[in-house]
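J.: Would you mind keeping the following structure in view while I ask a few things?
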Amino acid sequence: MEALDLSPGNATFFAAVVVCGILSIRIIVPPNNTPQASAWKSDSISFYAGNNVFIYSAIAAMSALNLYYAALVLSPPETVARICPVGTTSRLNPELFAWSPTTIISFLAILVGAPLRLGAFSGLGRNFTFGLAKPSGLVTDGIYKYIQHPSYTGIFLVAVAAAATFFRPDGAAACLIPTQYGPLIDAWLPTACAGLTLLTALQIYTRVSQEEAMLKELFGKEWIQWNKRTARFIPGLL
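Per this note's numbering, the sequence shown starts with residue 368, numbered consecutively.
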């Protein structure tokens with residue numbers, strides 16, 4: 368039996384996979400339940416943002432895939448060949464299992480995006496809920512002194528980075544996809560990615576619009592002044 372690859376480069380990459388995997392999951396764990404008594408009248412994503420079955424199923428699936436990815440990184444080729452149950456190791460992209468421009472940029476994006484979202488959790492405290500609900504007050508200090516929607520900026524960065532590493536069909540998922548479906552996935556992947564990106568952007572736009580309408584209705588002039596002096600997503604840009 369071959370030994371685990373504990374060379375410095377691989378060991379540090381394994382550590383990065385574990386840390387970034389944990390952060391990617393942590394940011395989708397609800398910090399608070401949405402109180403039904405204060406749920407807002409318009410919430411376009413409540414069917415899954417407020418659905419604990421959906422959320423925790425996603426957490427379980429992501430956790431399993433991230434652990435599998437980490438195991439593939441640390442395992443020698445002989446073991447990797449054995450733990451690819453239905454796929455083939457020929458579809459594994461070596462750039463996703465070692466330090467490369469793709470993994471470096473993606474992991475840096477996670478290390479920036481996850482703290483942004485977790486900072487939003489902390490800044491809003493009990494008012495941060497996945498379902499849209501009336502807050503007890505308008506928070507304009509801390510990270511909210513500079514950005515109105517840091518949680519969306521953060522989750523977007525993490526989602527793009529995770530899609531580019533953890534969830535790619537030539538990453539760990541290649542070992543779970545029957546070989547005969549590989550060409551079909553390759554053919555439809557660009558269209559699927561474009562459609563998913565468009566859908567995500569539309570959902571974020573709709574949710575932000577609903578959130579801002581709620582805050583304007585509840586806090587009036589105070590929100591208008593804060594809205595004028597702060598950026599929505601990226602200070603100085605957007």
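Yeah, the Cβ is synthetic: ideal placement off N, Cα and C, and Gly gets one too.
All values derive from a computational prediction rather than experimental measurement.
From this set, I389, G480, S473, L569, which residue's C-alpha is nearest A530's C-alpha?
T.: S473
J.: List the endpoints of the continuous alpha helix (DSSP H) containing P468.
T.: 468-491
J.: Please state if the CB of G538 and the CB of L463 are separated by a distance shorter than 7 Å.
T.: Their beta carbons are under 7 Å apart, which means L463 touches G538 by this criterion.
J.: So for I514, helix, strand or coil by DSSP?
T.: strand
J.: Cβ of Q592 versus every heavy atom of the ligand PLP: is any distance shorter than 6 Å?
T.: Within the structure as shown, the ligand PLP is missing, as the structure has no ligands at all.
J.: Within 10 angstroms of the Cβ of Y436, are there 16 or more other Cβ atoms? Answer buried if so, exposed if not.
T.: buried
J.: Assuming P557 and I544 are in contact, meaning their beta carbons sit under 8 Å apart, how far apart are those beta carbons, in whole angstroms?
T.: With a Cβ gap of about 17 Å, P557 and I544 do not count as contacting.
J.: What's the gap between the Cα of G509 and the Cα of I571?
T.: Computed Cα separation, rounded: 23 Å.
J.: Counting only C-beta atoms, is I477 closer than 7 Å to chain D at any point?
T.: The chain inventory of the structure shown lacks chain D, comprising one protein chain alone.
J.: Rounded to the nearest angstrom, what separates I450 and C542 at their Cα positions?
T.: 8 Å
J.: Sort D372, D410, P398, W555 by Cα distance to S489 and report the nearest one.
T.: P398
J.: Could you check which residue in T456, L551, V506 has the C-alpha nearest to that of T597?
T.: V506
J.: Once DSSP output is grouped into helix, strand and coil, what is the label at A580?
T.: helix
J.: Could you tell me which of Q577, S409, I392 sits nearest to S424, measuring between CA atoms?
T.: Selected option, being the one with the closest Cα: I392.
J.: Any chance you could list the alpha helix (DSSP H) runs of at least 4 consecutive residues sitting entirely within the stretch 498-577, in chain order?
T.: 517-531
J.: Among N433, A416, Q403, which residue has its Cα nearest to the Cα of F533?
T.: N433
J.: Does the stretch 549-563 come close enough to the stretch 510-521 to have 3 or more Cβ pairs within less than 8 Å?
T.: no
J.: So if DSSP puts A406 in a beta bridge, which residue, or which two residues, is it bridged to?
T.: According to DSSP, residue pairing for A406 in a beta bridge involves A500.
J.: From A540 to S442, what distance separates their C-alpha atoms?
T.: For A540 and S442, the distance between alpha carbons rounds to 16 Å.
J.: So A487 packs on S518, CB below 8 Å; how close in whole Å?
T.: 4 Å
J.: Let me know if A382 comes out buried or exposed under the rule of 16 or more other beta-carbons within 10 Å of its beta-carbon.
T.: exposed
J.: Could you tell me which residues DSSP pairs with A598 in its beta bridges?
T.: Per DSSP, I514.
J.: Just checking my contact of L499 with Q577 at CB under 8 Å: how many whole Å lie between their CB atoms?
T.: 6 Å
J.: Cβ of L390 within 7 Å of Cβ of I522?
T.: Cβ distance not < 7 Å, so L390 and I522 don't count as in contact.
J.: Could you work out which residue in L439, T401, N400, R574 is closest to V385 when comparing CA atoms only?
T.: Ranking L439, T401, N400, R574 by Cα distance to V385 puts L439 first.
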